[in-house]
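Just so you know, the sequences run in chain order A and B.
So the first sequence is numbered by the numbering used here: it starts at 113 and just counts up by one.
So the second sequence is numbered by the numbering used here: it starts at 113 and just counts up by one.
C-beta: ideal position from N, C-alpha, C; glycine also.
Here the structure comes first, spelled out in structure tokens, and everything after it is commentary.
2 protein chains.
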Amino acid sequence: MNGRKVQKRRPIGKSSGVKLHAEVARNIGERILGGEFKPGSLLPNEAEWGATFAVSRTAVREAIKALSAKGLIASRPKVGSRVEPRSRWNLLDRDVLSWHRSATDRKAFLASTQEFRRIVEPGIAELAARRRTTAQIDQLVAALEGMKRAKTHEETVSSDVAFHEALLAASNNDLLMPFGVLIEETLGNLFDFTTQRNKHYKLALKLHENIAKAVIAGDPEGARKAMLALIGDTDMVIAVASKGK
Amino acid sequence: MNGRKVQKRRPIGKSSGVKLHAEVARNIGERILGGEFKPGSLLPNEAEWGATFAVSRTAVREAIKALSAKGLIASRPKVGSRVEPRSRWNLLDRDVLSWHRSATDRKAFLASTQEFRRIVEPGIAELAARRRTTAQIDQLVAALEGMKRAKTHEETVSSDVAFHEALLAASNNDLLMPFGVLIEETLGNLFDFTTQRNKHYKLALKLHENIAKAVIAGDPEGARKAMLALIGDTDMVIAVASKGK
DNA sequence: CAAGTGAATTTGTATGATAAATGGGAGGCC
DNA sequence: GGCCTCCCATTTATCATACAAATTCACTTG
Numbered sequence: 113m114n115g116r117k118v119q120k121r122r123p124i125g126k127s128s129g130v131k132l133h134a135e136v137a138r139n140i141g142e143r144i145l146g147g148e149f150k151p152g153s154l155l156p157n158e159a160e161w162g163a164t165f166a167v168s169r170t171a172v173r174e175a176i177k178a179l180s181a182k183g184l185i186a187s188r189p190k191v192g193s194r195v196e197p198r199s200r201w202n203l204l205d206r207d208v209l210s211w212h213r214s215a216t217d218r219k220a221f222l223a224s225t226q227e228f229r230r231i232v233e234p235g236i237a238e239l240a241a242r243r244r245t246t247a248q249i250d251q252l253v254a255a256l257e258g259m260k261r262a263k264t265h266e267e268t269v270s271s272d273v274a275f276h277e278a279l280l281a282a283s284n285n286d287l288l289m290p291f292g293v294l295i296e297e298t299l300g301n302l303f304d305f306t307t308q309r310n311k312h313y314k315l316a317l318k319l320h321e322n323i324a325k326a327v328i329a330g331d332p333e334g335a336r337k338a339m340l341a342l343i344g345d346t347d348m349v350i351a352v353a354s355k356g357k
Numbered sequence: 113m114n115g116r117k118v119q120k121r122r123p124i125g126k127s128s129g130v131k132l133h134a135e136v137a138r139n140i141g142e143r144i145l146g147g148e149f150k151p152g153s154l155l156p157n158e159a160e161w162g163a164t165f166a167v168s169r170t171a172v173r174e175a176i177k178a179l180s181a182k183g184l185i186a187s188r189p190k191v192g193s194r195v196e197p198r199s200r201w202n203l204l205d206r207d208v209l210s211w212h213r214s215a216t217d218r219k220a221f222l223a224s225t226q227e228f229r230r231i232v233e234p235g236i237a238e239l240a241a242r243r244r245t246t247a248q249i250d251q252l253v254a255a256l257e258g259m260k261r262a263k264t265h266e267e268t269v270s271s272d273v274a275f276h277e278a279l280l281a282a283s284n285n286d287l288l289m290p291f292g293v294l295i296e297e298t299l300g301n302l303f304d305f306t307t308q309r310n311k312h313y314k315l316a317l318k319l320h321e322n323i324a325k326a327v328i329a330g331d332p333e334g335a336r337k338a339m340l341a342l343i344g345d346t347d348m349v350i351a352v353a354s355k356g357k
């Protein structure tokens with residue numbers, strides 16, 4: 113009855129590259145974000161997870177520790193691991209955000225990310241205009257060049273992300289850095305949303321250019337307004353794309 | 113020569129309640145935030161940490177996993193654990209923020225948190241005015257009552273925190289929830305900063321009241337402005353307190 | 001009936017062994 | 001001599017097992 117087998121490899125599925133504990137964490141994390149395990153409820157104990165995934169308790173524990181570190185759960189001896197209230201979840205964490213996206217209606221997800229960006233990005237642009245170093249200006253310009261030069265879909269997305277991250281870096285406030293992951297998630301999804309945006313792209317370029325100009329000129333209020341114009345335009349793109357569906 | 117000892121308890125220091133791996137994570141985390149281990153540099157390997165703290169590799173690994181989950185480090189076989197670039201750090205994580213505060217000049221820390229709040233809280237107030245449910249209004253009012261009634265230092269802080277968290281909750285955007293920890297950290301520190309603020313407190317109360325009124329009335333623009341007024345006043349309090357030092 | 005006590009369960013930690021990944025060096029080939 | 005390939009050492013990744021600690025809960029006992 114004692115299932116003593118000698119170390120099977122890769123019991124979970126998928127192929128390679130990803131560590132076991134990361135796979136376990138992802139699986140559990142997605143199920144929490146997906147609502148299968150609600151805040152306040154108790155998770156299966158470590159042994160059960162081990163059986164479920166056919167991995168050792170060690171791997172499970174490392175996954176649990178990662179989920180705890182992201183604020184999703186909390187563990188206590190004799191009790192088990194309980195799902196934390198949503199207010200504790202680190203939704204701006206790279207992984208958590210990705211799990212959240214997988215578990216959320218596409219349109220609703222985009223709406224909340226856009227709302228988020230509308231709140232913070234104007235402030236970021238304003239700060240950037242006030243604080244940017246010359247090196248940061250160079251990065252911003254380089255990203256803008258990349259946007260102009262972009263041919264493929266991938267290049268378009270990555271240069272756009274680079275632009276916004278350069279802006280973020282130029283704000284020179286470490287506390288704002290976590291927003292980077294959200295920008296990446298949003299833009300990746302956004303462009304995916306609007307593949308035939310050629311007519312929009314020319315305008316988008318101009319809007320980005322306006323932001324860069326204001327930041328370079330050291331005009332905080334101008335930068336804020338230029339960013340607002342961009343986000344507003346992006347909202348429109350989303351609306352059009354949603355209606356087109 | 114083989115140091116085989118039978119499980120010592122509590123080898124790190126401190127007293128109780130805190131798990132070993134959490135202690136190890138805190139120690140390493142603080143040293144990373146403190147600049148002892150800079151981004152890109154390699155950490156000692158797991159065995160060395162184990163020797164340093166007199167804990168098993170198991171505990172060390174769980175600490176490492178937690179730090180990875182917070183974006184501070186990344187591990188690779190044969191290489192070791194490397195400190196990630198600051199842009200990857202989850203500075204809005206409860207622990208990371210706390211380590212950051214310990215490692216940062218008090219005034220600079222307050223300045224950057226205030227800057228952060230100035231960017232996001234007006235937007236939060238605006239959203240709250242647009243979205244709040246009646247239950248959320250009740251919470252907001254209750255927090256305000258708490259502020260009026262507060263006698264001790266502790267009550268003052270906790271009711272103020274409750275007010276801002278109620279506002280945050282009323283914004284009804286999950287992505288904003290992580291800001292809660294920052295608000296807690298800031299306010300705790302702020303009040304600590306200005307102990308004899310009795311003359312200011314009357315004004316602060318009024319400013320909070322204005323925010324609540326606008327939110328309850330469903331006046332987004334009013335809520336935004338009221339919040340801006342509060343943050344501006346807080347800035348002044350900081351300036352005064354700093355000069356007074 | 002109340003309070004304390006002990007057993008059972010679950011996480012926490014320790015230990016030792018093996019597997020996988022990978023960087024770097026040794027050695028061979030052209 | 002330069003380049004390529006293969007092997008080896010190091011470090012993390014995973015497994016298995018045992019025991020410690022914490023905490024719940026039922027049960028005993030006064």
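| Query | Result |
| --- | --- |
| Where residue 182 of chain A and residue 261 of chain A are concerned, what is the direct C-alpha to C-alpha distance, given to the nearest angstrom? | 38 Å |
| Give me, in chain order, the residues of the same chain whose beta-carbon lies closer than 7 Å to that of residue 255 of chain A; leave out the 5 immediate sequence neighbours on both sides. | 271, 274, 275, 278 |
| Going by other Cβ atoms of all chains shown within 10 Å of its Cβ, with 16 needed for buried, is residue 177 of chain A buried or exposed? | buried |
| Counting only Cβ-Cβ distances shorter than 7 Å, please list the residues of the segment 213-228 of chain B near chain A, keeping chain order. | 224, 225, 227, 228 |
| Given a threshold of 16 other Cβ atoms within 10 Å of its Cβ, counted over all protein chains shown, does residue 324 of chain A qualify as buried or as exposed? | buried |
| With a threshold of 7 Å on Cβ separation, who are the neighbours of residue 202 of chain B within its own chain once the five nearest residues in sequence on each side are excluded? | 182, 183, 208 |
| Quick one: using the 10 Å Cβ neighbour count with 16 as the cut-off for buried, is residue 119 of chain B buried or exposed? | Residue placement at residue 119 of chain B is flagged as unreliable, the pLDDT there being 40, under the threshold of 50; a coordinate-derived value is accordingly withheld. |
| Going by alpha carbons, who is nearest to residue 163 of chain B out of B:299, B:179, B:136? | B:136 |
| Determine the direct distance from the alpha carbon of residue 212 of chain B to that of residue 190 of chain B, and round the result to whole angstroms. | 30 Å |
| Starting from the Cα of residue 330 of chain A, find the closest Cα among A:147, A:142, A:244 and give me that residue. | A:244 |
| Run through the segment 152-228 of chain A for me and flag every whole alpha helix (DSSP H) of 4 or more residues, listed as ranges in chain order. | 158-165, 169-181, 206-215 |
| Skipping 5 residues on each side, what residues in its chain have a beta carbon closer than 8 Å to that of residue 221 of chain A? | 212, 213, 301 |
| Which residues in chain A have a C-beta closer than 7 Å to the C-beta of residue 237 of chain B? List them in chain order. | Correct list: empty, because the minimum Cβ distance to chain A is about 10 Å. |
| Tell me the DSSP secondary structure of residue 244 of chain B in three-state form. | coil |
| Helix, strand or coil, according to DSSP, for residue 275 of chain B in the structure here? | helix |
| Which chain B residues are close to residue 174 of chain A, counting only those with a beta carbon under 8 Å from its beta carbon? | 173, 174, 177 |
| How would you label residue 153 of chain A, buried or exposed, when you count the other beta carbons within 10 angstroms and need 16 or more for buried? | exposed |
| Hey, how far is the Cα of residue 327 of chain A from the Cα of residue 158 of chain A? | 52 Å |
| Can a CB atom of chain B be found closer than 8 Å to the CB of residue 339 of chain A? | no |
| By how many angstroms is the C-alpha of residue 321 of chain A removed from the C-alpha of residue 334 of chain A? | 12 Å |
| Taking only the alpha-carbon atoms, compute the straight-line gap between residue 362 of chain A and residue 195 of chain A and give it to the nearest angstrom. | One cannot answer for residue 362 of chain A here, as it falls past the ends of chain A, which runs 113 to 357. |
| How would you call residue 63 of chain B, buried or exposed, if buried means at least 16 neighbouring beta carbons within 10 angstroms? | It is not possible to answer for residue 63 of chain B, since the shown part of chain B is limited to 113 through 357. |
| First and last residue of the alpha helix (DSSP H) that includes residue 136 of chain B? | 132-145 |
| Give the residues from the segment 190-204 of chain A that approach chain B closer than 9 Å (Cβ to any Cβ), ordered along the chain. | 198, 199, 200, 201, 202, 203, 204 |
| Could you give the DSSP three-state label for residue 263 of chain B: helix, strand or coil? | coil |
| Mapping the DSSP letters down to three states, classify residue 149 of chain A as helix, strand or coil. | coil |
| At a CB-CB cut-off below 9 Å, which residues of chain B make contact with residue 294 of chain A? | 287 |
| If you draw a straight line from the alpha carbon of residue 206 of chain B to that of residue 226 of chain A, how long is it in whole angstroms? | 25 Å |
| Let me know the secondary structure DSSP gives residue 331 of chain A once reduced to three states. | coil |
| Alpha carbons only, please: which of A:289, A:200, A:299 is nearest the one belonging to residue 286 of chain B? | A:200 |
| Of all the residues that make up the segment 321-337 of chain A, which are near chain B by a beta-carbon distance shorter than 7 Å? | none |
| Show which residues of chain B have a CB atom less than 7 Å away from the CB atom of residue 359 of chain A. | The shown model of chain A, from 113 to 357, leaves out residue 359 of chain A, and the question about it has no answer. |
| In whole angstroms, what separates the C-alpha of residue 295 of chain A from that of residue 169 of chain B? | 37 Å |
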